[in-house]
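Heads up: the sequence shown runs through residues 7 to 203, numbered per the working numbering.
A short write-up of the structure that comes next.
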Amino acid sequence: MTKWLILLSKHYFEFISQVEKKIIKLFYKLFIYLWIAILNKSSPNIMEQFELNVNGKNHQVNVDPSTPILWVLRDHLKLVGTKYGCGIAQCGACTVHLNGIAVRSCQLPVSSVGNNKLTTIEGLSENGDHPVQKAWLEHDVPQCGYCQSGQIMTASALLESNPNPSEEAIASAMHGNICRCGTYTRIKAAIKTASKS
Ligand code: FES
Ligand code: FES
């Protein structure tokens with residue numbers, strides 16, 4: 007059916023004038039805009055209220071339940087230390103802690119958080135003095151810095167569960183955190199330093 011319509015419209019367009027073509031195109035565009043408007047109206051976003059515990063404080067947000075927690079943190083709570091990289095759980099830039107476990111906030115819907123405690127880079131320590139943050143400074147780890155909050159959140163979760171990780175354990179925990187500046191050697195050195203403190 008679609009094939010026939012395309013063929014018919016192709017032949018028709020060969021016989022009509024430029025002005026007619028413009029009018030038809032205009033009507034066609036209007037039809038598309040109307041159709042999009044109708045679709046948007048028929049499927050409105052359903053907002054819900056959520057209570058979230060972030061960095062030890064309770065927050066209320068009114069959002070679509072499917073919203074990834076990354077966007078709730080950044081857009082609603084203005085905690086912009088957590089970064090958007092790939093959006094498909096492949097780069098680690100958006101890593102936060104959920105009850106102390108490193109998770110990808112770009113793939114975590116707000117509706118699945120419940121009463122669990124979220125920690126972002128802003129809440130990792132009072133004054134930026136978590137052992138991992140101190141080691142990061144000591145080794146001058148960041149380059150552009152974009153991936154670094156995700157790296158620190160993954161590293162700190164690793165040390166929480168394994169205070170003295172082997173080289174293999176570090177590599178295995180950190181392998182999903184991508185750094186386009188290639189700071190991997192300094193990251194590994196900083197984790198080793200933090201594990202000794
Ligand atoms: S933005 Fe979440 S893993 Fe890349
Ligand atoms: S420091 Fe630039 S992406 Fe990691």
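Every residue, glycine too, gets a C-beta built ideally from N, C-alpha and C.
Here the structure is a predicted model, which means the values were calculated and not measured.
Proximity test, Cβ basis, 8 Å: PRO71 and chain B: Looking at the structure shown, chain B is missing, and only one protein chain is on hand.
Outcome for ARG6 when other beta-carbon atoms lying within 10 angstroms are tallied against a minimum of 16: Residue coverage of the chain in this structure runs from 7 to 203, which leaves residue 6 outside it and unanswerable.
GLN149 Cβ short of 7 Å to ligand 2 heavy atom set: Within the sequence shown, numbered from 1, the residue matching residue 149 stands at position 143. Yes, since a heavy atom of ligand 2 falls inside the 7 Å radius drawn around the Cβ of GLN149.
Per DSSP, cross-strand counterpart(s) of VAL67: Position 61 of the sequence shown, counting from 1, holds the residue named residue 67. Note: VAL67 sits in a beta bridge opposite PHE56.
Local conformation of PRO137 per DSSP, three classes: Locating residue 137 in the sequence shown gives position 131, counting from the first residue. The answer is helix: DSSP assigns PRO137 an H, G or I state.
GLY87 Cβ short of 7 Å to ligand 1 heavy atom set: For the purposes of this step, residue 87 is taken as the residue at position 81 of the sequence shown. GLY87: no, Cβ never under 7 Å from ligand 1.
Reduced DSSP secondary structure (H/G/I, E/B, other) of ILE29: On the sequence shown, position 23 is the one that residue 29 refers to. In the structure shown, ILE29 sits in a helix (DSSP, three-state: H, G or I).
Validate contact between the segment 76-96 and the segment 131-139 using beta carbons, cut 8 Å, 3 pairs: no
Among ASN168, VAL119, MET53 and PRO169, the one whose alpha carbon lies nearest that of VAL60: Position 54 of the sequence shown, counting from 1, holds the residue named residue 60. It is VAL119 whose Cα lies nearest to the Cα of VAL60.
Environment of ASN121 [buried if 16+ CB atoms lie within 10 Å]: Indexing the sequence shown from 1 puts residue 121 at position 115. When all chains shown are included, ASN121 counts as exposed.
Residues of its chain near VAL156, where Cβ-Cβ distance is below 8 Å and the 5 sequence neighbours each way are ignored: On the sequence shown, position 150 is the one that residue 156 refers to. In the sequence as presented, Val is not what sits at residue 156; that position holds Gly. Around GLY156: THR88, LYS89, GLY91, CYS97, GLY98, ALA99, CYS100, THR101 and ASN183.
Check: GLN154 C-beta below 7 Å from any heavy atom of ligand 1: Locating residue 154 in the sequence shown gives position 148, where the first residue counts as 1. GLN154: no, Cβ never under 7 Å from ligand 1.
Among MET53, ASP81, LEU85 and LYS84, the one whose alpha carbon lies nearest that of PRO71: Locating residue 71 in the sequence shown gives position 65, counting from the first residue. Answer by Cα proximity: MET53.
Touching by the beta-carbon criterion (3+ pairs, under 8 Å), the segment 168-175 and the segment 186-203: yes
heavy atom of ligand 1 below 7 Å from CYS187 C-beta: The residue you call residue 187 lines up with position 181 of the sequence shown. Every heavy atom of ligand 1 is 7 Å or more from the Cβ of CYS187, so no.
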